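**Q** Have a look at this one.
Protein chains: 4
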Amino acid sequence: MSVSKRFSLVDQEKSDQETPGVDRGAELLAAATSVFAQKGFHETKVSDIVAAAGVAQGTFYLYFKGKGDVFFRLISGCCERILDQMHQASAIQQQVTTAEEARQNNVAFLVGVFRMLESEQSVLKLILADPGGIDPAIDKMLAGLREILVEQERQNLQAGIDAGYLRALNTTIIAEAVVGMVYHLSFERFVRGRDLGVDLEKLAEEIVSFERHGILKPPPVK
Amino acid sequence: MSVSKRFSLVDQEKSDQETPGVDRGAELLAAATSVFAQKGFHETKVSDIVAAAGVAQGTFYLYFKGKGDVFFRLISGCCERILDQMHQASAIQQQVTTAEEARQNNVAFLVGVFRMLESEQSVLKLILADPGGIDPAIDKMLAGLREILVEQERQNLQAGIDAGYLRALNTTIIAEAVVGMVYHLSFERFVRGRDLGVDLEKLAEEIVSFERHGILKPPPVK
Amino acid sequence: MSVSKRFSLVDQEKSDQETPGVDRGAELLAAATSVFAQKGFHETKVSDIVAAAGVAQGTFYLYFKGKGDVFFRLISGCCERILDQMHQASAIQQQVTTAEEARQNNVAFLVGVFRMLESEQSVLKLILADPGGIDPAIDKMLAGLREILVEQERQNLQAGIDAGYLRALNTTIIAEAVVGMVYHLSFERFVRGRDLGVDLEKLAEEIVSFERHGILKPPPVK
Amino acid sequence: MSVSKRFSLVDQEKSDQETPGVDRGAELLAAATSVFAQKGFHETKVSDIVAAAGVAQGTFYLYFKGKGDVFFRLISGCCERILDQMHQASAIQQQVTTAEEARQNNVAFLVGVFRMLESEQSVLKLILADPGGIDPAIDKMLAGLREILVEQERQNLQAGIDAGYLRALNTTIIAEAVVGMVYHLSFERFVRGRDLGVDLEKLAEEIVSFERHGILKPPPVK
DNA sequence: AATGAATGAGTATTCATTCAT
DNA sequence: TATGAATGAATACTCATTCAT
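Residue numbers (our numbering), protein chains in the order written: chain G, 106 to 327; chain C, 106 to 327; chain A, 106 to 327; chain Z, 106 to 327.
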């Protein structure tokens, strides 16, 4: 079968036979994401998921080991995508030199992060409102994600200090603080759905501005 | 208990039959706090709580409507204490005039907040890792608490802008950001137990400094 | 309570308060025995047992860890009783001297064994038709029981050989053979309910006679 | 198999597309025997059997009505072979005249039985540890097999009594006893794998000797 | 004949809550 | 008040069987 397929130049399978266009596993994962986002882990029954996916109970267990398994795959998939995007975005950030460039880059980076989180809305809800205790592996993964983000921010800060354009601050604390801000604002915006009166770009600019200059009015320059 | 009873010459309590002065409700609430903090809401069984309190299963229902009820009272009690402390602390903050006084006040306020949160550690865990979906009333309460804190911060910022010592910033966003920072750092410190390398005072100073001046090195003053 | 009870000379509890005459655990065990005997382990549902006992599903789990647990207790209880009875019966057997006494003792012992097994009918069915694979602990216990019985028989045979009234035979094999006979006849009689046309005493006599003299007609004594 | 195909000059099978001469049904039955012997009926999943046979789940149902069906065919096949062998063996037994010939014949017969059971080891396990309750038809068949064996033994005994070389014994009981011995020893040897310290011939001789003379030392012949 | 994805009935077990004592 | 035995609704998961391809 696969041989004949390999050498045939035409008639490339109409519908791939085995899977006539549908991927039950993906369907179930999508259904699960939606239901989990609506009801949370504990209130979600496997029967809810299969009902949403339009398949029988048993089908679920062909693709997942159990309720915890779907949840784990959901979270881990999202975490991976977040880290991927993060790496891509920060790769760009490294190549700047001037302060204004840095600012613009910060803004662009933050906008990128926000856009990505926006696209992960439903899983984000589950990640940020991490109940804990569902699966130690999930807790570890989320803690790991947070640590990576914080550490990346810390290194950025340290690089700025070394480069001389950031003041001597406690990078550990400030990195945590910055990540805290972003987590919180993302939660408000994407999970609770509050738009905070501005679009994503303006939001990012305001955050970056705050991060860079603080809240005090600058002393009048003569 | 039995000792004091044996040797007491007078009838100390009207009803010293079963409860010689102890408040079963408070005992149960304390036991519940401890167990919830350890295992989270869903993993905690009513049987765990009564076992920790040393009473019978049925006794629990003499003091609480159910598992959700204890949890609610736990959270709401803590929220009330937080708001109380917050009000007391901010009352003081209003009476300052100079910028340096304001800074010191901010630090003192934040230290006060941290100390209080420290004393609420066990419940804080439950509040910050808001599971959601347990009880709409709890969600509303926690959302309300957050809103109050944000609104207070927003008003403070607005007052600073009006008074002329804060720059024109989006108070809505920055208030959220500030609360996010504090939430996150509190979570790291009190729930996850990371000391971040500094004591509470230093932590507060670093935060306030960041909040006020941002991360950029100030331009050299001539 | 226990104090007042200890010292009160009269009014010894009408119905012992806590347990007004009923022992749910025992009731459930009895119900389980009956249902298991009828349907076997795998065909017996916990719901059958609780229905037979007239209690709710949950009640079952107050007294047993699960379906396997009741079964184990059933079997192990019966095994213990069998061994107890066996020990008592064989204690008597040791004290004989003449061959005829030995014969009578053998018969009496066998009758005792049969009577006991008769009283354990329902569990016997489960023991003899040991499905295996339900619980390794049960398999081990039943294997152990069989080994004890065989070993006891083997020692009896050896004693007879040493004493000179038994011929030199392979005690290991014959002990197994004897236990096999008894197992099989017990199964036929008590599990399958065939009376084999004789009462228990006659059955025992026939067995003992066979065991002692075999099937051959003795050579005519001149 | 594949060898014969490779070198065959003619088209041996009409449909050598998928099944080049193999009997899927037999393959499945063999696989089932192996798995059932290892795990027992209830612990064996159809998926285990098809995995062992290397075919798809659905293929199983082309050859068997269901899980119970394979089991039944397994047992019934074995029972038939046992009865066949039994008949052949006993046919020979009928033609003897002297007592010593009879003894030798008994031994030879028993050895034959043991050898056959040895070759049926895996199914024997399932037959002897008759779970009961799987399928009434199986229970009936096994009961029938046992009855046939017992009845045959009973007739042998009766013939011996009639011929005058066996003493007057209760043929019903002794036949059961003898079958019980053989069942039990076969179980120990072939199912539990204990060799009892002797080879099959010696085992048979010991059994026959016991059966004929019992355990008592014969009175000294003058 | 062969496949294997899909099915869904069947069941053990948990645990919040009640209530007679 | 306090007890704790009893309740039973609720649910995850298994696996024999089917059937479209």
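C-beta atoms are modelled at their ideal positions from N, C-alpha and C, and glycine is treated no differently.
Only a predicted model underlies this, so the values are computations on that prediction, with no experimental measurement involved.
(1) Fully enclosed by the segment 196-228 of chain Z, which alpha helix (DSSP H) runs are 4 residues long or longer?
(2) Whole angstroms are fine: how far does the CA of residue 272 (chain Z) sit from the CA of residue 310 (chain A)?
(3) Kindly say whether residue 335 (chain C), judged by its beta-carbon, lies nearer than 7 Å to any beta-carbon of chain G.
(4) Between which residues of its own chain and residue 265 (chain A) is the CB-CB distance below 7 Å, once the five residues before and five after are set aside?
(5) Please report the residue range of the alpha helix (DSSP H) in which residue 317 (chain G) lies.
(6) Give the interface partners of residue 325 (chain G) over in chain C, defined as CB-CB distance under 7 Å, in chain order.
(7) For residue 271 (chain C), which beta-bridge partners are listed by DSSP?
(8) Kindly list the residues whose CB is nearer than 8 Å to the CB of residue 319 (chain C), restricted to its own chain and excluding five residues on each side of it in sequence; keep chain order.
(9) So, helix, strand or coil for residue 262 (chain A), using DSSP?
(10) Taking beta-carbon pairs under 9 Å, can you tell me which members of the segment 267-286 of chain Z lie near chain A?
(11) Kindly indicate which three-state DSSP category residue 295 (chain Z) falls into: helix, strand or coil?
(12) How would you write the range of the alpha helix (DSSP H) that residue 153 (chain G) sits in, first residue to last?
(13) Looking at residue 140 (chain Z): is its Cβ nearer than 7 Å to the Cβ of residue 161 (chain Z)?
(14) Which whole-angstrom value describes the C-beta separation of residue 187 (chain C) and residue 250 (chain C), a residue pair presumed to lie in contact below a C-beta threshold of 8 Å?
(15) Would you report the Cα separation of residue 248 (chain Z) and residue 255 (chain Z), rounded to the nearest angstrom?
(16) Counting only beta-carbon separations shorter than 7 Å, does residue 130 (chain Z) have a partner in chain A?
(17) Between the Cα of residue 196 (chain C) and those of C:303, C:268, C:217, C:183, spot the shortest distance and give me the residue it belongs to.
(18) Compare the Cα-Cα distances from residue 274 (chain A) to each of A:296, A:293, A:316 and report the closest residue.
(19) Which of helix, strand or coil does DSSP assign to residue 137 (chain Z)?
(20) List the whole-angstrom C-beta distance separating residue 258 (chain Z) from residue 280 (chain Z), where the pair is believed to meet the contact cut-off of C-beta under 8 Å.
(21) Give me the residue from C:185, C:168, C:305, C:211 with the minimum Cα distance to residue 130 (chain C).
(22) Would you please verify whether the beta carbon of residue 311 (chain C) is less than 7 Å from any beta carbon of chain G?
(23) Using beta-carbon positions only, say whether residue 215 (chain C) and residue 296 (chain C) come within less than 7 Å of one another.
(24) State the DSSP-derived secondary structure class of residue 254 (chain Z), mapped to helix, strand or coil.
(25) Checking contacts by CB at 7 Å: is residue 172 (chain G) closer than that to chain C?
(26) Determine the contact status of residue 154 (chain C) and residue 136 (chain C), defining contact as a CB-CB distance below 7 Å.
(27) Just to check, is the beta-carbon of residue 230 (chain A) closer than 6 Å to a non-hydrogen atom of the ligand MG?
(28) Using the beta-carbon of each residue, which ones in chain Z are nearer than 7 Å to residue 288 (chain A)?
(29) Run through DSSP, which three-state label would residue 170 (chain G) get?
(30) Please compile the residues from chain C whose C-beta is within a distance smaller than 7 Å of the C-beta of residue 141 (chain G).
(31) Hey, is residue 322 (chain G)'s beta-carbon within less than 7 Å of any beta-carbon in chain C?
(32) Measuring only between beta-carbons, confirm whether residue 298 (chain A) sits less than 7 Å from chain Z.
(33) In terms of alpha-carbon separation, which member of G:321, G:286, G:323 lies closest to residue 308 (chain G)?
(34) Ordered along the chain, which non-local residues of its own chain (more than five positions away) have a Cβ less than 7 Å from that of residue 302 (chain C)?
(35) When the cut-off is 7 Å and only beta carbons count, does residue 306 (chain A) lie next to chain Z?
(36) Report yes or no: is there a C-beta of chain Z within less than 7 Å of the C-beta of residue 157 (chain A)?
**A** Per the coordinate set shown:
(1) Here the runs fully enclosed are 204-224.
(2) 15 Å
(3) Absent from the model: residue 335 (chain C). The displayed extent of chain C is 106 to 327, so no value can be given.
(4) 271
(5) 305-318
(6) The contacting residues do not exist; residue 325 (chain G) stays about 11 Å from chain C at best.
(7) G:321
(8) In its chain, beyond the 5 residues on either side, no residue has a beta carbon closer than 8 Å to the beta carbon of residue 319 (chain C).
(9) helix
(10) 269, 270, 271, 272, 273, 274, 275, 277, 278, 279, 281, 282, 283, 284, 285, 286
(11) helix
(12) Secondary structure note for residue 153 (chain G): its alpha helix (DSSP H) is the uninterrupted segment 151-158.
(13) no
(14) 7 Å
(15) 10 Å
(16) no
(17) C:217
(18) A:316
(19) Helix.
(20) 4 Å
(21) C:168
(22) yes
(23) no
(24) helix
(25) no
(26) Cβ distance < 7 Å, so residue 154 (chain C) and residue 136 (chain C) count as in contact.
(27) The ligand MG is not part of this structure, which contains no ligands at all.
(28) 285, 289
(29) Of the three classes helix, strand and coil, the one that applies to residue 170 (chain G) here is coil, per DSSP.
(30) Correct list: empty, because the minimum Cβ distance to chain C is about 11 Å.
(31) yes
(32) no
(33) Ranking the options by Cα distance to residue 308 (chain G), first place goes to G:286.
(34) none
(35) no
(36) By this cut-off, residue 157 (chain A) is not an interface position.
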